[in-house]
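Below is one structure, written out as structure tokens, with a few remarks after it.
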Amino acid sequence: MAAQNPLLEVRHLRVEFPTRRGTLVALDDVSFTISAGEVLGVVGESGAGKSMTGAAIIGLLEPPGRIAAGEILLDGRRIDNLRYEDMRRIRGKDIGAIFQDPLTTLNPLYTVGRQLAETMTTHLPITPAEARKRAIGWLDLVGIPAAAQRIDSYPHEFSGGMRQRVVIALALCAEPRLIVADEPTTALDVSIQAQIIALLKSLAREKGTAMMLVTHDMGVIAETADRVAVMYAGRIAEIGPVRNVVKQAIHPYTVGLMGSIPPLDRRVERLAQIDGAMPRLSAIPKGCAYNPRCPKAFARCTEDRPDLLPAGATQAACWLYAGEGKTNG
Amino acid sequence: MPAALDLEFSPLFAFIISRILQALPVMLTVALISFAMFAYVGDPVAIMLGQDFTEAQRQALVQDLGLDQPFWVQFGTFIGNAIQGEFGLSYRLSRPVSDLIAERAPATLELAFCAAAVALLIGVPMGVYTGLYRHSWLSRFFLTFSLIGVSLPVFLIGILLILVFAVWLGVLPSFGRGDTVKLGWWSTGFLTWTGIKALVLPSITLGLFQLTLIMRLVRAEMLEVLRTDYIKFARARGLPNRAVHFGHALKNTLVPVITIVGLQLGAIIAFAIVTETVFQWPGMGLLFIQSVNQADIPVMAAYLLLISALFVTINLIVDLLYYAVDPRLRLGRGQGAH
Ligand SMILES: Nc1ncnc2c1ncn2[C@@H]1O[C@H](COP(=O)(O)OP(=O)(O)OP(=O)(O)O)[C@@H](O)[C@H]1O
Ligand code: SF4
Ligand SMILES: [Mg+2]
């Protein structure tokens, strides 16, 4: 065995929502990997399927949504077909999650100390007293001042930024190797977004935790991610090292997203607007899903669907680059 | 005294005082209505004097009753008496109203207690179950059953139960309290076998509506709470289902459930009128109905006041329970930055 298993491997993932008016395909043939300690940024317009991908990985797709095809592997072991109880043991322990809005993510009726301690005693062989001690340590680590006093405070006694720090502590406290962070700063004040991202980044680096970081902020991607996946209409349009995707985007959709190619040292706050809207799941066009909006579309684009293939330094799903990977690579 | 000082400044104490102050206008309004009934519906003097009387006798009685005093003085006297539990004499039975109520209250309170216990101990678990297992066969059955509970009138449920368990099967009594035991002025049916058997049908009749209501409420709240981010996050942290459902979810349904249950508890006592009539249950409700039939105003006024005092007390308890359950309501604790 030469090649080591990546930490997370998603293969040809397809997520469907059966509805009365037919089956909606929310994710279609999504494949990517995340190596240990690596940060994968995920971008794309609203509704592209970023959160859905994260939910599928942590095994918490909302019914009736279900994985219809493909597989998800953690350390080479399939986790998409586990029974609820087996997957539960992986959640929190091996894969942590951070949600968007810290104001609603914490249970208002329990102290932060209790929520931290119950997470640790669920997954780690430690006593409640030890868990409490570690909880204080975690609060301290995520930058809550006077952690020993704040441990018995309720979530409403913290500000939004502080609550997201608590959420980060909760996601990390059982020492998972992968964190799925779904827009962890979108709901926060602009002034504290950078602090939270810096905290996440430094903790992930320190603990060697890999991360799938969903965000709309290209500045965050540029600063934090090792690789970037660009999603469109439930598919991956392009994926590759952050420098290449941001600076030398190949897929016309990525090019559109980046607007005029942004320099890495200047923050681009929001994704540039592209004319038109992403199709609804019930009306994804034949061929390349992007073809109605694509300035470079040609005949084949409305007929056949392009696969994600190596193109230049990244992988892209676009007929303009079909075959290039074979010659280059 | 430091202890007293502590109490004075504790936020809980301030909270209780403020709630009691808020309740005062309500109580005064009800008292005013009761008093107006007392003073202006029917003519107490005529009722008490009967057929033959002299003008001097009439004058004396008017003075005795204080009816020659200005309205506000009369009202003040009424309230002063009410606070001391003095509601005058029943026109119908010529006995102090307070004695009548004290005799009847244990029957109603024991019945209400059992009905509330039936409603809570069965309603809450059924609500949790139907919330968690929405599509299960049993949940559908419970929901259908609850529709029946909500739509059938109470007296019909009572009569049906009597028909089945008292008339056909003959296992339970159809009326009365059975044998009671005196504990001081309190008479209880809990200590005799016939007393307990007599409680079964009325309790089910009185509690069924609340049971179905509580079940539907808990179910709706569970469904709502299970959709929240903090429940998703609790699952994402890998907490076991038991902790997620009964620790995190159920506790969050409690605040709205406590409100409704509190109000329903008041309603149980108020609605006991119908059940007590169907089962000839010798409680305050039956007393009230008999008083209405004969325009026995003092009893009616006392009953009204008592029920409103009960609602106010329950409201206060509900608020205190909120205070215990939801830390966000505990003012005065180190408030966080916002
Ligand atoms: N319960 C559901 N039933 C049917 N379709 C759904 C359901 N939940 C989500 N979807 C659809 O799945 C698609 C992907 O949604 P997802 O939440 O993953 O988008 P996203 O990329 O995270 O967007 P955003 O940036 O707004 O968070 C959307 O088109 C959405 O409408
Ligand atoms: S495949 Fe065609 S439509 Fe799709 S992005 Fe490439 S050029 Fe545009
Ligand atoms: Mg999303």
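Order-wise, the sequence lines are chains A and B.
Residues 107 to 435, numbered by my numbering, are exactly what the first sequence covers, in order.
Residues 952 to 1289, numbered by my numbering, are exactly what the second sequence covers, in order.
Ideal Cβ positions, reconstructed from N, Cα and C, are used throughout, including at glycine.
- When burial is assigned at 16 or more other CB atoms within 10 Å of the CB, is residue 962/B buried or exposed? exposed
- Message: Is residue 397/A close to chain B? Criterion is C-beta to C-beta, closer than 8 Å.
- Response: no
- Task: Could you tell me whether the Cβ of residue 214/A comes closer than 8 Å to any Cβ of chain B?
- Result: yes
- Going along the stretch 1193 to 1224 of chain B in order, which residues come within less than 7 Å of chain A, judged by CB to CB distance? 1194, 1199, 1202, 1203
- Taking 8 Å as the CB-CB cut-off, is residue 313/A touching chain B? no
- Message: Is residue 1289/B close to chain A? Criterion is C-beta to C-beta, closer than 8 Å.
- Response: The predicted position of residue 1289/B is uncertain, since its pLDDT is 40 and thus under 50; a value taken from the coordinates is nonetheless stated next. Yes, residue 1289/B lies at the interface with chain A (some Cβ there is under 8 Å from its Cβ).
- Could you check how far apart the C-beta atoms of residue 1200/B and residue 1176/B are, in whole angstroms? I think they sit under 8 Å. 5 Å
- Taking 7 Å as the cut-off, does the CB of residue 106/A come closer than this to any heavy atom belonging to ligand 1? No statement about residue 106/A is possible, as the shown extent of chain A runs from 107 to 435 and does not include it.
- Would you say residue 1174/B touches ligand 1, meaning its beta carbon is less than 7 Å from a heavy atom? no
- Message: I want to verify the contact list: residues of chain A whose CB lies under 7 Å from the CB of residue 1179/B, in sequence order.
- Response: 210
- Task: Kindly indicate if chain A contains any beta-carbon less than 8 Å away from that of residue 1091/B.
- Result: no
- Item | Straight-line gap, residue 1046/B to residue 1168/B (C-alpha atoms, nearest Å) | 44 Å
- Message: By alpha-carbon positions, which one of 399/A, 343/A, 320/A, 286/A ends up nearest to residue 203/A?
- Response: 286/A
- Task: Give a yes or no on whether 8 Å exceeds the smallest Cβ distance from residue 966/B to chain A.
- Result: no
- Query: For residue 1086/B, does the three-state DSSP call read helix, strand or coil?
  - Reply: coil
- Item | Check: residue 1185/B C-beta below 7 Å from any heavy atom of ligand 2 | no
- Item | Whole alpha helix (DSSP H) elements within the stretch 190 to 246 of chain A, 4-residue minimum | 190 to 196, 208 to 211, 218 to 229
- Name the DSSP bridge partner or partners of residue 1378/B? Nothing about residue 1378/B can be read from this structure; chain B reaches only from 952 to 1289.
- Looking only at C-alpha atoms, which of 1024/B, 1043/B, 996/B, 1145/B sits nearest to residue 1011/B? 996/B
- With a 10 Å radius around its C-beta and 16 neighbouring C-beta atoms as the bar for buried, classify residue 366/A as buried or exposed. For residue 366/A, the predicted model reports a pLDDT of 42, less than 50, meaning its position is unreliable; a value from the coordinates is still stated below. It counts as exposed.
- Task: Quick one: give me the first and last residue of the beta strand (DSSP E) that residue 1133/B is part of.
- Result: 1132 to 1134
- Report back the beta-carbon spacing between residue 315/A and residue 284/A to the nearest angstrom; my notes put them in contact at under 8 Å. 7 Å
- Taking buried to mean at least 16 other C-beta atoms within 10 Å of its own C-beta, is residue 1097/B buried or exposed? buried
- Message: Am I right that residue 148/A and residue 159/A are in contact with their C-beta atoms under 8 Å? What's the rounded C-beta distance?
- Response: 7 Å
- Message: Taking 7 Å as the cut-off, is the C-beta of residue 288/A nearer than that to any heavy atom in ligand 3?
- Response: yes
- Message: Quick check on this structure: which residue in 362/A, 421/A, 180/A, 427/A has the alpha carbon closest to the alpha carbon of residue 381/A?
- Response: 362/A
- Query: Mind pulling the alpha helix (DSSP H) runs of 4 or more residues that sit fully within the stretch 966 to 1053 of chain B?
  - Reply: 995 to 1000, 1006 to 1015, 1022 to 1034
- Cβ neighbour criterion (16 or more within 10 Å) applied to residue 994/B: exposed
- Query: Looking only at C-alpha atoms, which of 1277/B, 983/B, 1071/B, 1271/B sits nearest to residue 965/B?
  - Reply: 1271/B
- Query: Considering only residues of the same chain and omitting the five flanking positions on each side of residue 132/A, which have a CB-CB separation below 8 Å?
  - Reply: 121, 122, 123, 155, 158, 171, 340, 387
- Message: Please state the DSSP three-state secondary structure of residue 404/A.
- Response: coil
- Message: For a quick check, are the C-beta atoms of residue 1153/B and residue 1230/B less than 8 Å apart?
- Response: yes
- For residue 120/A, go through chain B and note every residue whose CB falls closer than 9 Å to its CB, in chain order. Result: empty, since nearest Cβ-Cβ is about 22 Å, beyond 9 Å.
- Task: Taking residue 129/A as part of the alpha helix (DSSP H), name the residues at either end of that continuous run.
- Result: It is not in any alpha helix (DSSP H) - residue 129/A instead sits in the beta strand (DSSP E) that spans 128 to 140.
- Task: Quick one: which residues of the stretch 215 to 239 of chain A get their C-beta closer than 9 Å to a C-beta of chain B? List them in chain order.
- Result: 215, 216, 217, 221, 224, 225, 228, 229
- Query: Excluding sequence positions up to five away, which residues of its chain have a Cβ less than 6 Å from the Cβ of residue 1214/B?
  - Reply: none
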